[in-house]
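Trainee: Just so we're aligned, residue 1 is where the sequence shown starts under our numbering, counting upward by one.
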Amino acid sequence: MTRRAAGVVLGILRLALAAMLLVATAYILSWRLLWTAPTGSDIPFHLGLVSWVATSFPAIHWWYSWDGGGIPYRLGYPLAAHWLAVAVSRAASVDLNQGVQLVQFAVNPLCALGVYAYCAWRFKQPLGGLAAGVLYLLSPMAWTFLVDWGFFPNQVGTVLFMPCLIALDWFYALWLAGERTAWLRLAAILTMGLTALLGQVAPSLVWAPLVAAAAYALAVPGARRALRWLVIVTPSLAIGTILLAAFWALPLQDYLAFVSARQPRPTYSPSLQHLWSVGQVFQLSPVRLTGIDTVYDRTSLAPAAWIPALAGCLLVAWDRRVRVLLALVAFGVLSMTFEPFYSVTYNLPLLPLVIHFRVGMLFLQFCVPILGGLGLFAVVPRVLAALTRGRPPGRLVGAIAAGVLAFGGLLATVADVSLAARPVAGSSNLLAYGSAGYFDPRHIWGRRSEASVESQLIDPTAWRPLRVGCYLPGCALLANQEAQLAASFNSPPQRAALDAHTSLLLQDVHRITGGGQAYGYNYQLLGSPELADYVKATMVEQSGATSKQELATVAGIDSVALSPGAAALTADYRSLGWVGGSGNPAVFTSPSPSALAEERPGGLAVLVVGADQSGGAHPYNDLIQTAVQGMLPYSAGWLLRGRSPYVDDYSTQELSRYKGLLLVGYRYHDREAAWSRLDQYVRNGGSLYVETGWQFVDPDWNLGSAPRPLPVTRLNWTPLDSSKPVLVDGVAEPGWGTLSYPGGSWSASVGGAARAGAESVVSVGGKVVAARWTSGQGRVFWSGMNLIAHARSAASADEARFIAGQWRWLLQPAAEPALALQPRWTQDDEVSLDLQPSPGPTWILLKESEVPGWSAELRWPGGSRAVEIQAGELDYMASRLDSVPAGAVLVYHYGPTLRVMGWWGLSALTLALLALWLALPAVYRGAWSAVRRRGASLARATGWLGDDD
1 MTRRAAGVVL GILRLALAAM LLVATAYILS WRLLWTAPTG SDIPFHLGLV
51 SWVATSFPAI HWWYSWDGGG IPYRLGYPLA AHWLAVAVSR AASVDLNQGV
101 QLVQFAVNPL CALGVYAYCA WRFKQPLGGL AAGVLYLLSP MAWTFLVDWG
151 FFPNQVGTVL FMPCLIALDW FYALWLAGER TAWLRLAAIL TMGLTALLGQ
201 VAPSLVWAPL VAAAAYALAV PGARRALRWL VIVTPSLAIG TILLAAFWAL
251 PLQDYLAFVS ARQPRPTYSP SLQHLWSVGQ VFQLSPVRLT GIDTVYDRTS
301 LAPAAWIPAL AGCLLVAWDR RVRVLLALVA FGVLSMTFEP FYSVTYNLPL
351 LPLVIHFRVG MLFLQFCVPI LGGLGLFAVV PRVLAALTRG RPPGRLVGAI
401 AAGVLAFGGL LATVADVSLA ARPVAGSSNL LAYGSAGYFD PRHIWGRRSE
451 ASVESQLIDP TAWRPLRVGC YLPGCALLAN QEAQLAASFN SPPQRAALDA
501 HTSLLLQDVH RITGGGQAYG YNYQLLGSPE LADYVKATMV EQSGATSKQE
551 LATVAGIDSV ALSPGAAALT ADYRSLGWVG GSGNPAVFTS PSPSALAEER
601 PGGLAVLVVG ADQSGGAHPY NDLIQTAVQG MLPYSAGWLL RGRSPYVDDY
651 STQELSRYKG LLLVGYRYHD REAAWSRLDQ YVRNGGSLYV ETGWQFVDPD
701 WNLGSAPRPL PVTRLNWTPL DSSKPVLVDG VAEPGWGTLS YPGGSWSASV
751 GGAARAGAES VVSVGGKVVA ARWTSGQGRV FWSGMNLIAH ARSAASADEA
801 RFIAGQWRWL LQPAAEPALA LQPRWTQDDE VSLDLQPSPG PTWILLKESE
851 VPGWSAELRW PGGSRAVEIQ AGELDYMASR LDSVPAGAVL VYHYGPTLRV
901 MGWWGLSALT LALLALWLAL PAVYRGAWSA VRRRGASLAR ATGWLGDDD
C-alpha cells in the first residue's frame, strides 16, 4: 500500500470514528427527537406538506388547492426536505411522521460531521475537528430553528453548508497554488453545484457560500491577487451558481414578483426584524427557562464554544484563512444584533436577501465552533513551533510531543465543556447545552437517577434504545389535539375561515380535517396576499355581519372556526343563521354556502382599469373591499382586474366583452385614441364609471374641455366649499361625509355644466361633481370628487348607498342568477367544470387563485378550444365564453409555463457547459483565444489600440 493510499484509509477510519462519536453525542443531547412526535412550532405545516408530497411521490404535483384559493408550492416553496422525509419513510418502512423525525434527528450530527471534515481535511486538525463538532452540538443555536421554530427546510439545508465551504476552500487552495488542472475545475464546479443545491433545499441560505467566497479575498496574499479574487473569481462563482440554480431560483423569483405586484410595496420598519442582543447571542445574559421570548435566549452560542474560539483567533498569525472565519463571525454578529444593517439595505437590490439573520446565524453556528476546536488543538503546537523557531524535533521526541499535545487538548476540551457550562435561570439542574429542553446531567435519559454523569454515559444499559416513534408521556398531545379539532367539524370544510389563534388548523387544515381554508399559514405565497388578509380580517377579526355574508359568498367560505378570544364575533354568525358555535374553537357552518365555481349566463362583468402611484395592486384591492361592503354586490356583477392601467392598451373588441368599465387611476398613451375607444364602447351598449378626481393620478383631473363620452363640459380642479351642503339629485344630503381633510378643503375635478341630456346627480355650492347620462346604447357615470375614496374615508353609509344605486343604474338589466358548479379534481393539477348549455355569452368563475401556470380548454362533443383566463373578484380565475355548447366541459390545467421551462433549460445548458469545461478545457481555451484575436483585430480596425507600427 502506498503512503497516499494509507493516508486515505486512515482518513476514512478517522471519519468513521468521528461519525460514531458525534452521532452518539447528538443522541445524548437529542434522543427525544426520535422518541416523541416531530418537533417545532411550524412542524404541523411541514407535516401537511410531507403528507401532500407523499400522495404523488416520487413526483411532486404543482398545485395545492387547500390553502387560500390554492398555492403552487412546487414553484414557490422549497419541498426537497419534505420529499426527503417521504423517501426516508419509504426506505425505512416507517410512517411519515417517523420519517420526519429521522430527518430532524439526522440534521445536526451531519452538520457536526461536516465541521469535523472541514477541520480534518482543510486544516489538518482531526482532533480539533472532533472537538469543533462536539462544540457545534453543544451550542443551543444549532438546535433552535430545528426544534423550537421547526424551520424544517432551512435546517435540512444547513447540512450542505459545510460541504460548500470544503469545496470552496479546496478551490481556493488550488487557485492560490497556481494550479489550472482538472482538480481546480472540479473544485469550482462542486462549489457552484453544492451552493445551488443548498439553495434548492433552503433558499434563504443560498447566499451564505457566496458571501464566504467573497470573504476568502481576505485570505489571498497580495492586494492585486486579492482584488482579482474579489472582482473576477467571486463573481464568476456567483454567476455559475445562479445559472445552475436557475431551474428553481428564477421561477421562485418570478412567482414572488407576481404575488408582490398584488399588494402594496412594503416599507421598512424596525418591527420587521426581531433581532437579538449581543448578550443573548453569547449567553452573557442569563438563559431563561420560561418567560417572554425565551426562545431568543436559546438561539445562543455556548461559552464552551466561543471561549476557546478566542484562542483560535490567534491562528490568524499563521493561517490567513482564519481571517475568513473571523469575517464571517463578524457578519453573523452584525446581522443578528445590528438593526441599521437592515434599514440601510432594505430597498437595495439583492442585498436584503444577502444581509439576513439566517445567513449570519449560519456563520455563527458553524464558524465559532470551528475556531473553538482549532483554539483547543492547533494554537499551542503553532506557538511551540514558533518558540523553537521551527526546528523539527527527533522522531521519538516528536511523537511524544504530539501525544502530549493531543492529550492536553482533550483535557482542555473536557475542562472547557465542564467549566464553561451556563446554568439555566429558573432551574437548579439544567445546563444551557443542546436543544429546547437543555441538558440535565442528573437525568440524561429522562429517568430519575442518582448515578453520576459518567455512569449514565458509560453504562450501555442506561441508554435509551435507538428507536423512532411516540413513546414518551405527552408525546401524543399533538395527535390528540388534531383529533379534537377534526371532530369540531361535522364534515370536511369546503373552505374554512380560521382564527389565527387556531394555529394547528391554520398550519395544517387539510391533513386534520380533509378540507381547505380561505387563508394560509404561509401567507407570503398566497395568490393575492392583501385580499387574503382582508378576508381573514373580515371573517374572524372584525365585527359586521353584512360584510361577512357577502365575503363568504364571494370566497365560497362554508365554515368559520373562532378561538375564545374572538367570542365577540359569534353574534354576527348567529344573526346570519350559521349553525354551531360550541366548543373550542367555536365552529360555525353556513346553512347555504356558495359553490367554489359558478356559471353566469349573460353575466355582468366589470373591468377595473387603473393603478395608483405604487403599482397595480390598487385601486383594485380597495374597490373589491368597497364592492363587498355594498357598492357592487357579488350577485349584481363580478369585478375583474385589468391587465393594464392604460385604456388604449385594450382594443375595442376586447372592451366589448365587459358589461361595465370602472376607470379609477386610469392612464393612456394617446388621449384621443383612448377616449374615442371609450366613446365607441359606450355607444355600443357598454356602461362606464369614470373617476377624474384623483389629483396627479387620473390624467384628466384638470384637463379643461371634457372628452366627448363624459356627461359634463369641462374638468377643472377646484377646492370645494365644505360649508355648503351636498346636493344629491338637487336635495341636501346631510349624511354625506365632510368635504375636508386635515390639510384643507376637499378639492374636485369640477365638471362645469352638465351636457344636454345629462343629469347632475351631486353638486356642492353650484359646482357639479358627479353626473350621468345615456349615450347611444350605453350609460356613463362620472365623478370628479374621487367619490369612492371619499365614501371610504368618511365611512358614510349614505354615500355607499348612493354609489350602489349608481351601479344598479349602470348595470341594467339585472344579471341572471349564477349557477353553482362542482369542481372535479384530477389529482392536484387539473380541475374540470361541467357547464350548462347557453346560447349567449357566459362568464365562469373558478374560485382558485389566478397565477401564471394555469391554462383552460373548453371541450365539447364537437371539438375543443383554448379559453383565456383573467383575474376576477378575489383574484380568482374568470373566463368568458361566447356560448356554451351542450355537453361542454371547461378543463383547467396547472403546469410549468414556457418561461419556467426556459429557466430549466438554462440550468441544463450551464451544467452541460461546465461538464464540457471539466472534460475538454481545450475547447474553451481555443474559443477564448479566438474571441481575443477577433477582439484585438476589431480594436485595431477601429483605432482602439492606436496605430499599428
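C-beta atoms are modelled at their ideal positions from N, C-alpha and C, and glycine is treated no differently.
Just confirm the distance between the C-beta atoms of residue 819 and residue 858, as a whole number of angstroms; I'd bet it's less than 8 angstroms.
Mentor: If you number the sequence shown from 1, residue 819 lands on position 819. If you number the sequence shown from 1, residue 858 lands on position 858. Going by Cβ atoms, the distance from residue 819 to residue 858 rounds to 16 angstroms, so no, they are not a contact pair.
Trainee: For residue 943, count the other beta carbons within 10 Å of its own beta carbon; 16 or more makes it buried, fewer makes it exposed. Which is it?
Mentor: Taking the sequence shown and counting its residues from 1, the one referred to as residue 943 is at position 943. In this predicted model, residue 943 has a pLDDT of only 45, less than 50, meaning its place in the structure is not dependable enough to derive any value.
Trainee: Who does residue 767 pair with in a DSSP beta bridge?
Mentor: The sequence position of residue 767 within the sequence shown is 767, counting from 1. Beta-bridge pairing links residue 767 to 764.
Trainee: Tell me which same chain residues have a C-beta within less than 7 angstroms of the C-beta of residue 685, skipping the five on either side of it?
Mentor: Reading the sequence shown from its first residue, position 685 is the one you call residue 685. Counting only Cβ-Cβ distances below 7 angstroms, and skipping sequence neighbours, we find 777, 778.
Trainee: Measure from the alpha carbon of residue 756 to the alpha carbon of each residue in 747, 772, 766, 746, then state which is nearest.
Mentor: Counted from its first residue, the sequence shown places residue 756 at position 756. Closest option to residue 756, Cα to Cα, is 772.
Trainee: So what does residue 951 bridge to, in DSSP terms?
Mentor: Residue 951 cannot be examined here, being either before or after the span of the chain that is shown, 1 to 949.
Trainee: For residue 20, is the classification buried or exposed, using 16 other Cβ atoms within 10 angstroms of its Cβ as the cut-off for buried?
Mentor: Within the sequence shown, residue 20 is the residue found at index 20, counting from 1. Per the 10 Å Cβ criterion, exposed.
Trainee: In angstroms, rounded to a whole number, what distance separates the CA positions of residue 487 and residue 480?
Mentor: Here residue 487 is taken as the residue at index 487 of the sequence shown, counted from 1. Here residue 480 is taken as the residue at index 480 of the sequence shown, counted from 1. About 11 angstroms.
Trainee: Could you pull the start and end residues of the alpha helix (DSSP H) that residue 570 belongs to?
Mentor: Residue mapping note: residue 570 aligns to position 570 of the sequence shown, counting from 1. Here the alpha helix (DSSP H) through residue 570 covers 570-575.
Trainee: Should residue 715 go down as buried or exposed, given a rule of 16 or more other Cβ atoms within 10 Å for buried?
Mentor: For the purposes of this step, residue 715 is taken as the residue at position 715 of the sequence shown. The residue is buried, with at least 16 neighbouring Cβ atoms inside 10 Å.
Trainee: How would you call residue 947, buried or exposed, if buried means at least 16 neighbouring beta carbons within 10 angstroms?
Mentor: As a working mapping, residue 947 is identified with position 947 in the sequence shown. Note on residue 947: pLDDT 37, under 50, position unreliable in the model; the coordinate value appears next. That one is exposed.
Trainee: Curious, which full-length alpha helix (DSSP H) runs of at least 4 residues does the region 195-281 contain?
Mentor: Qualifying alpha helix (DSSP H) stretches, in chain order: 207-215, 223-228, 234-244, 246-260, 278-281.
Trainee: Three-state secondary structure (DSSP) at residue 870?
Mentor: Translated into positions along the sequence shown, residue 870 becomes position 870. Note: residue 870 maps to strand in three-state DSSP.
Trainee: Using a Cβ-Cβ cut-off of 7 angstroms (strictly less than) and excluding sequence neighbours within five positions of residue 906, which residues of its own chain qualify?
Mentor: On the sequence shown, residue 906 is found 906 positions in, with the first residue counted as 1. These residues qualify, in order along the chain: 243, 246.
Trainee: Whole angstroms is fine: what's the gap from residue 127's alpha carbon to residue 133's?
Mentor: The sequence position of residue 127 within the sequence shown is 127, counting from 1. The sequence position of residue 133 within the sequence shown is 133, counting from 1. Those two C-alpha atoms are separated by around 10 angstroms.
Trainee: Which same chain residues, not among the five before or five after residue 584, have their C-beta less than 8 angstroms away from its C-beta?
Mentor: On the sequence shown, residue 584 is found 584 positions in, with the first residue counted as 1. Here the set comprises 563, 564.
Trainee: What does the Cβ neighbour count give for residue 536, buried or exposed, with the cut at 16 atoms within 10 Å?
Mentor: Here residue 536 corresponds to residue number 536 of the sequence shown, with the count starting at 1. Buried, because 16 or more other Cβ atoms sit within 10 Å of the Cβ of residue 536.
Trainee: Per DSSP, which residues does residue 884 bridge with? Please list them.
Mentor: Here residue 884 refers to the residue found at position 884 of the sequence shown. DSSP lists 838 as partners of residue 884.
Trainee: Drop a sphere of 10 angstroms on the beta-carbon of residue 341, count the other beta-carbons inside from all chains shown, and report buried for 16 or more, exposed for fewer.
Mentor: Looking up residue 341 in the sequence shown gives position 341. So residue 341 counts as buried.
Trainee: Please report the residue range of the alpha helix (DSSP H) in which residue 44 lies.
Mentor: If you number the sequence shown from 1, residue 44 lands on position 44. Looking at the DSSP string, the run of the alpha helix (DSSP H) that includes residue 44 is 43-54.
Trainee: Going by the beta-carbon positions, is the gap between residue 1032 and residue 149 smaller than 8 angstroms?
Mentor: A query on residue 1032 cannot be resolved here, the shown segment of the chain reaching from 1 to 949 and no further.
Trainee: Skipping 5 residues on each side, what residues in its chain have a beta carbon closer than 6 angstroms to that of residue 498?
Mentor: Numbered from its first residue, the sequence shown carries residue 498 at position 498. Here the set comprises 505, 506, 517, 561.
Trainee: Pick out the complete alpha helix (DSSP H) segments inside the region 728-809, 4 residues or longer, and give them in chain order.
Mentor: Within the region 728-809, the complete alpha helix (DSSP H) runs of at least 4 residues are 787-794.
Trainee: Where do the ends of the beta strand (DSSP E) carrying residue 690 lie?
Mentor: In the sequence shown, the residue the question calls residue 690 occupies position 690. Unbroken beta strand (DSSP E) run through residue 690: 687-691.
Trainee: Taking only the alpha-carbon atoms, compute the straight-line gap between residue 700 and residue 751 and give it to the nearest angstrom.
Mentor: The residue given as residue 700 occupies position 700 in the sequence shown. The residue given as residue 751 occupies position 751 in the sequence shown. Rounded to whole angstroms, residue 700 to residue 751 spans 11 angstroms at the Cα level.
Trainee: Could you tell me which residues DSSP pairs with residue 854 in its beta bridges?
Mentor: To locate residue 854, count along the sequence shown from 1; it is residue 854. Partner(s): 894.
Trainee: For residue 148, which of helix, strand or coil comes out of DSSP?
Mentor: As a position in the sequence shown, residue 148 is number 148, starting the count at 1. Helix, per DSSP.
Trainee: Please work out which residues of its chain come closer than 6 angstroms, Cβ to Cβ, to residue 30, disregarding the five sequence neighbours upstream and downstream, and give them in chain order.
Mentor: Working through the sequence shown from its first residue, we reach residue 30 at position 30. If we look at residue 30 and ignore the five residues flanking it on each side, its Cβ neighbours are 435.
Trainee: CB residue 300 to CB residue 280, shorter than 8 angstroms?
Mentor: Numbered from its first residue, the sequence shown carries residue 300 at position 300. Numbered from its first residue, the sequence shown carries residue 280 at position 280. Yes, they are a contact pair.
Trainee: Taking the continuous alpha helix (DSSP H) assigned at residue 7, which residues delimit it?
Mentor: Residue 7 sits at position 7 when you count from the first residue of the sequence shown. Residue 7 -> alpha helix (DSSP H) spans 3-30.
Trainee: Ignoring anything shorter than 4 residues or poking outside the region 352-377, list the alpha helix (DSSP H) runs there in chain order.
Mentor: 357-377, all fully within the region 352-377.
Trainee: Could you pull the start and end residues of the alpha helix (DSSP H) that residue 381 belongs to?
Mentor: Position 381 of the sequence shown, counting from 1, holds the residue named residue 381. Taken as a continuous stretch (DSSP letters only), the alpha helix (DSSP H) holding residue 381 covers 379-387.
Trainee: Does the beta-carbon distance from residue 162 to residue 231 come in below 8 angstroms?
Mentor: Here residue 162 corresponds to residue number 162 of the sequence shown, with the count starting at 1. Here residue 231 corresponds to residue number 231 of the sequence shown, with the count starting at 1. No, these two residues do not count as a Cβ contact at 8 angstroms.
Trainee: Does the Cβ-Cβ distance between residue 104 and residue 469 come in under 8 angstroms?
Mentor: Stepping through the sequence shown from its first residue, residue 104 is reached at position 104. Stepping through the sequence shown from its first residue, residue 469 is reached at position 469. No, these two residues do not count as a Cβ contact at 8 angstroms.
Trainee: Of the residues 79, 117, 137, which one's Cα is nearest the Cα of residue 197?
Mentor: Within the sequence shown, residue 197 is the residue found at index 197, counting from 1. Taking only the C-alpha atoms, the option nearest residue 197 is 79.
Trainee: Quick check on the DSSP output: the beta strand (DSSP E) that includes residue 638 runs from which residue to which?
Mentor: The count along the sequence shown starts at 1 and reaches residue 638 at position 638. Residue 638 -> beta strand (DSSP E) spans 638-641.
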